[in-house]
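Since the structure comes first, as structure tokens, the remarks are kept for the end.
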Amino acid sequence: MHQGAASTGCRCAVPAARDAFHLWPIESPMPNVEKQVQALTNYLWSRRLPVEPQELQRRAVHLEKKFLENPDLGQVEEKLREAVLRALRKTTYHWQELSYNESLSLVYMAARLDGGFAAVSRAFHEIQARVPEFQPQTLMDFGSGTGSVTWAAHSAWGQSLREYLCVDSSAAMLVLAEKLLKGGSESGEPYVPGVFFRQFLPVSPKVQFDVVVSAFSLSELPSKADRTELVQTLWRKTSHFLVLVENGTKAGHCLLMDARDLVLKGKEKSPLDPRPGFVFAPNKKKQKEEKFSMVILARGSPEEANRWPRITQPVLKRPRHVHCHLCCPDGHMQHAVITARQHGRDLYRCARVSSWGDLLPVITPSELELPLSPADDKDFLT
Numbered sequence: 022m023h024q025g026a027a028s029t030g031c032r033c034a035v036p037a038a039r040d041a042f043h044l045w046p047i048e049s050p051m052p053n054v055e056k057q058v059q060a061l062t063n064y065l066w067s068r069r070l071p072v073e074p075q076e077l078q079r080r081a082v083h084l085e086k087k088f089l090e091n092p093d094l095g096q097v098e099e100k101l102r103e104a105v106l107r108a109l110r111k112t113t114y115h116w117q118e119l120s121y122n123e124s125l126s127l128v129y130m131a132a133r134l135d136g137g138f139a140a141v142s143r144a145f146h147e148i149q150a151r152v153p154e155f156q157p158q159t160l161m162d163f164g165s166g167t168g169s170v171t172w173a174a175h176s177a178w179g180q181s182l183r184e185y186l187c188v189d190s191s192a193a194m195l196v197l198a199e200k201l202l203k204g205g206s207e208s209g210e211p212y213v214p215g216v217f218f219r220q221f222l223p224v225s226p227k228v229q230f231d232v233v234v235s236a237f238s239l240s241e242l243p244s245k246a247d248r249t250e251l252v253q254t255l256w257r258k259t260s261h262f263l264v265l266v267e268n269g270t271k272a273g274h275c276l277l278m279d280a281r282d283l284v285l286k287g288k289e290k291s292p293l294d295p296r297p298g299f300v301f302a303p304n305k306k307k308q309k310e311e312k313f314s315m316v317i318l319a320r321g322s323p324e325e326a327n328r329w330p331r332i333t334q335p336v337l338k339r340p341r342h343v344h345c346h347l348c349c350p351d352g353h354m355q356h357a358v359i360t361a362r363q364h365g366r367d368l369y370r371c372a373r374v375s376s377w378g379d380l381l382p383v384i385t386p387s388e389l390e391l392p393l394s395p396a397d398d399k400d401f402l403t
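Under the numbering used here, the residue at position 370 of the sequence shown is numbered 391, and the numbers go up by one with no gaps.
Dropping the structure here:
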């Protein structure tokens with residue numbers, strides 16, 4: 022083990038949430054629920070970003086120029102327009118907004134409660150590992166869904182948190198999340214006290230929260246302008262940490278890098294941890310991986326941030342060398358082949374015992390082709 026090791030193992034939802042979840046198939050039977058869960062899971066994972074109007078216009082102009090080379094289409098403007106529209110329909114991703122009614126909310130809970138809890142728990146673990154003295158009292162969750170962020174936050178900081186604000190545009194989701202907190206019933210005491218549910222963000226710009234979270238919500242917005250406005254609003258409402266989590270896909274990673282750059286260009290402070298990662302979703306009998314990307318933006322001095330890169334793929338251990346795929350502090354990816362001869366015995370040993378998701382205690386140069394340098398801390402191996 023070393024100081025960059027960050028594995029949290031299997032993250033299991035608290036028993037109260039699991040027990041309440043298992044009540045739903047009895048009270049609200051749904052046909053083909055397993056197929057619906059799998060279909061929604063696949064859809065959410067493969068979902069891409071909506072095409073911006075400027076990009077759509079650029080594609081249309083390109084297709085029009087291409088079709089003008091065809092003399093038959095070039096003579097009739099109507100045919101040209103139809104051909105362009107037909108080609109756009111075939112080649113453009115048709116993004117649609119999801120409307121979560123009661124039945125779809127139930128399917129979403131079955132599909133994403135465990136994975137969402139595991140991913141956010143990992144993000145909170147990063148904060149606890151870096152700032153162990155941090156004891157938040159207030160938390161806001163935008164796009165709260167079934168409340169997995171609340172459960173994860175209570176598991177991490179239940180002793181200090183006094184207020185949880187869950188914001189979601191779907192009234193059905195809010196009802197479901199509140200019912201889950203009450204053990205699956207509409208009456209009774211909630212397992213987590215101090216939780217409030219709203220459909221809109223607080224209006225007052227002066228209201229701030231110690232921790233603000235947006236998990237798998239940026240991808241639900243229809244345009245880049247909407248995402249920009251949301252990130253700026255969430256950052257203004259953050260007093261300590263802003264946690265952004267999305268799918269561990271190219272689209273999810275791009276969303277978070279855009280959000281990170283937006284905050285940094287606004288002369289705000291540097292992120293605590295802009296890295297892809299993974300955890301094991303909570304199912305002891307049948308473990309599964311939850312792949313996600315996360316950015317944790319912290320109010321504080323950039324010098325306080327850890328500058329070690331994070332391992333973003335399984336470490337490939339080969340005779341006398343190790344392959345590590347790294348996400349560097351500036352957000353760029355690097356494939357490092359580490360050997361004892363080139364990088365030193367300590368760093369080589371450290372790489373061999375590292376796992377996917379760990380920080381590698383090295384200082385990466387700005388030029389990716391240069392060899393890695395060991396961290397200044399000579400005691401990073403423990």
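Beta carbons: idealized from backbone N, C-alpha and C, even for Gly.
For the stretch 108-188, the full-length beta strand (DSSP E) segments reaching 3 residues or more read 159-163 and 184-188 along the chain. Proximity to Leu119 across Leu202, Leu61, Val224 and Lys86 peaks at Leu61, based on C-alpha coordinates. Residue environment for Gly179: exposed (fewer than 16 other C-beta atoms within 10 angstroms of its C-beta). One alpha carbon belongs to Leu182, the other to Met194, and they sit about 23 Å apart. DSSP places Cys275 inside the alpha helix (DSSP H), whose first and last residues are Lys271 to Lys286. If only complete runs of 3 or more residues are kept, the stretch 332-389 shows the beta strand (DSSP E) at 337-339, 342-348 and 354-359, in order along the chain. By the neighbour-count criterion, in which a residue is buried when 16 or more other Cβ atoms sit within 10 angstroms of its Cβ, Cys349 is buried.
With respect to the 9 Å criterion, Gly137 and Thr167 are classified as neighbours on the basis of their beta carbons.
For Met315 and Ser165, the gap between their C-alpha atoms comes out near 16 Å. In the DSSP assignment, no residue is bridged to Asn53. Counted as a single uninterrupted DSSP element, the alpha helix (DSSP H) harbouring Phe88 occupies residues Pro74 to Leu89. Contact between the stretch 98-107 and the stretch 122-142 is not established, with fewer than three Cβ pairs separated by less than 8 Å. In the structure shown, Ser67 falls within a helical segment according to DSSP collapsed to helix, strand and coil. Within the stretch 228-274, the complete beta strand (DSSP E) segments of 3 residues or longer fall at 230-236 and 259-268, listed in chain order.
Around the C-beta of Gly378, 16 or more other C-beta atoms lie within 10 Å, and the residue is accordingly described as buried.
Taking C-beta atoms as the reference points, Phe155 and Cys187 fail to come closer than 9 Å.
With a 10 Å radius around the Cβ and a threshold of 16 neighbouring Cβ atoms, Arg281 comes out buried.
In this structure, the straight-line span from the alpha carbon of Leu285 to that of Lys100 is close to 48 Å. Taking all protein chains shown into account, Thr112 has fewer than 16 neighbouring C-beta atoms within 10 Å of its C-beta and is therefore exposed. Contact between the stretch 64-76 and the stretch 267-280 is established, with three or more Cβ pairs separated by less than 8 Å. According to the DSSP secondary-structure assignment, Glu199 is paired through a beta bridge with no residue. DSSP lists Val188 as the beta-bridge partner residues of Arg219.
Within a 10 Å sphere around the beta-carbon of Tyr121 sit 16 or more other beta-carbons, which makes this residue buried. Contact between Thr254 and Leu283 fails: their C-beta atoms lie close to 11 Å from each other, not under 8 Å. When Asp231, Ile148, Cys345 and Leu368 are compared, the shortest CA-CA separation from Pro157 is found for Asp231. By the beta-carbon neighbour count (other beta carbons within 10 angstroms, threshold 16), Val82 is exposed. Residue nearest to Lys200 within the set Ser238, Glu55, Ala236 and Ser126 is Ser126 (criterion: CA-CA distance). Between the alpha carbons of Gly287 and Met161 lies a distance of about 22 Å. Here Arg331 is near Leu380, since their CB atoms are less than 9 Å apart.
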